[in-house]
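Structure, as structure tokens:
In UniProt numbering, the protein residues as written are 1 to 424.
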């Protein structure tokens, strides 16, 4: 099913169920359960890569496919008579499935990046989990990871059940193997660029601060190897000093300050849009959106854009901060999502960025070549076929080779979050 295809691309929600195999899972074209869920889901529910609703829907689909004989049809007759489903209905289905399906009674669920899910979903999900578990003797393990100590934001959970990885000996003390890796990479850097010899001690100090975030250390060393060509020794020393103490924000500030003026505005917009995208953009969709955003009132031929070359140029310019993985443009490390690039109020910055994204979506619809793509998504094209579904399902079945699929689904979300900066 197309919805499951969308959810299976999720990197931030990891679900493991004992006795149920998730590998090579085949979704039958005639499975109507998820069609029904999405057809009748509340309009306010937007399924994307950071939604707990996506995870629950995915689990329900897997359980139904594996143990459909245990499905309590009588329990859910009322759902066929309603015009919309609520969040409570979806959770009720998930809860009932767990009770009747033998293969799910010994269940372990791993949820990573929990603090990146919408706050209101975290609250209702955990409230129901804790309430249900307090009345049940079933074996049910829920393992949640967050990027910060306060990320769980739950007073009810016992403190003894929390583990702070930053307090573990492995993270408190520099890793010997990692230290050798850094030393070898630094030696290679100096051998390749002898001008860095005078800044070796500064770079070593920088790397010492990376023992719990090694990715940042490798990133800086790789960037130094390809950047600052022609700079004086004093200029290099000043740049290295500006990276101390090492942090994701320091890296973003320094790396982006060195980007060529010809693509600087495009790079800044790219960073902001990756951070605030409702779901990860494909490289093709991102280049489309940037072209629409940066051409003002000019008509452009989107099919003629050199998308691969432009994406490669952006990746080089960012020096490893962004990457393309499984067709998604994303940051190479989760800490970059927490960076506020501009020194201004976070709420105002968020509103302005969402305004620019909403404006790009709305302007995209005005292009003649975009209209052709949108026509292909028209539900009338699928009448009488197995693909006769709501528009949201149709667009997720496409390959995301244009900005159309994203714009048609998420422009209302960006418009709403724009607040006082909403485009007119």
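The C-beta atom is built at its ideal place from N, Cα and C for all residues, glycine as well.
Between which two residues does the beta strand (DSSP E) harbouring residue i extend?
{"i": "residue 328", "result": "328 to 331"}
Starting from residue i, trace the alpha helix (DSSP H) both ways and give me its first and last residue.
{"i": "residue 348", "result": "346 to 364"}
{"i": "residue 438", "result": "This structure cannot speak to residue 438, because the chain is shown only from 1 to 424."}
{"i": "residue 54", "result": "52 to 66"}
{"i": "residue 98", "result": "87 to 100"}
{"i": "residue 176", "result": "176 to 192"}
I need the DSSP call for residue i, collapsed to helix, strand or coil.
{"i": "residue 301", "result": "coil"}
{"i": "residue 339", "result": "coil"}
{"i": "residue 206", "result": "helix"}
{"i": "residue 281", "result": "coil"}
{"i": "residue 213", "result": "coil"}
{"i": "residue 128", "result": "helix"}
{"i": "residue 244", "result": "coil"}
{"i": "residue 426", "result": "The question about residue 426 has no answer, for the chain in this structure spans 1 to 424."}
{"i": "residue 228", "result": "coil"}
{"i": "residue 306", "result": "coil"}
{"i": "residue 260", "result": "coil"}
{"i": "residue 296", "result": "coil"}
{"i": "residue 369", "result": "helix"}
{"i": "residue 410", "result": "helix"}
{"i": "residue 287", "result": "helix"}
{"i": "residue 38", "result": "At residue 38 the pLDDT is 32, less than 50, meaning the model places this residue with poor confidence; the figure from the coordinates comes in the next sentence. The answer is helix: DSSP assigns residue 38 an H, G or I state."}
Under 8 angstroms Cβ to Cβ from residue i, same chain only, skipping five residues before and after it: list those, please.
{"i": "residue 340", "result": "249, 346 and 349"}
{"i": "residue 95", "result": "128 and 132"}
{"i": "residue 242", "result": "250, 253 and 254"}
{"i": "residue 304", "result": "none"}
{"i": "residue 342", "result": "349"}
{"i": "residue 75", "result": "96"}
Report the option in the options whose CA atom is closest to the CA atom of residue i.
{"i": "residue 354", "options": "416, 135, 57 and 191", "result": "416"}
{"i": "residue 73", "options": "57, 56 and 93", "result": "93"}
{"i": "residue 310", "options": "183, 288, 327 and 320", "result": "288"}
{"i": "residue 356", "options": "338, 365 and 290", "result": "290"}
{"i": "residue 132", "options": "121, 146, 218 and 99", "result": "99"}
{"i": "residue 358", "options": "142, 53, 282 and 403", "result": "403"}
{"i": "residue 318", "options": "409, 116, 263 and 364", "result": "263"}
{"i": "residue 421", "options": "407, 292 and 352", "result": "352"}
{"i": "residue 271", "options": "229, 372, 320 and 70", "result": "320"}
{"i": "residue 238", "options": "413, 97 and 198", "result": "198"}
{"i": "residue 296", "options": "303, 112 and 366", "result": "366"}
{"i": "residue 407", "options": "423, 360, 368 and 369", "result": "360"}
{"i": "residue 326", "options": "400, 342, 292 and 188", "result": "400"}
{"i": "residue 425", "options": "62, 203, 176 and 177", "result": "Residue 425 is absent from the structure shown; the chain starts at 1 and stops at 424."}
{"i": "residue 265", "options": "294, 233 and 330", "result": "294"}
Which residues share a DSSP beta bridge with residue i?
{"i": "residue 142", "result": "109"}
{"i": "residue 324", "result": "329"}
With a CB to CB cut of under 6 angstroms and the five nearest residues on each side skipped, what residues in its chain are close to residue i?
{"i": "residue 333", "result": "215"}
{"i": "residue 190", "result": "196 and 197"}
{"i": "residue 410", "result": "278"}
{"i": "residue 185", "result": "221"}
{"i": "residue 236", "result": "199 and 228"}
{"i": "residue 335", "result": "248"}
{"i": "residue 207", "result": "182 and 217"}
{"i": "residue 121", "result": "52"}
{"i": "residue 302", "result": "288 and 369"}
{"i": "residue 328", "result": "280"}
{"i": "residue 323", "result": "332"}
{"i": "residue 414", "result": "354, 357 and 358"}
{"i": "residue 259", "result": "267 and 317"}
Give me, in chain order, the residues of the same chain whose beta-carbon lies closer than 7 angstroms to that of residue i; leave out the 5 immediate sequence neighbours on both sides.
{"i": "residue 275", "result": "337"}
Can you find a C-beta in chain C that's less than 9 angstroms from the C-beta of residue i?
{"i": "residue 423", "result": "Protein chain content of the structure displayed is limited to a single chain, and chain C is not contained in it."}
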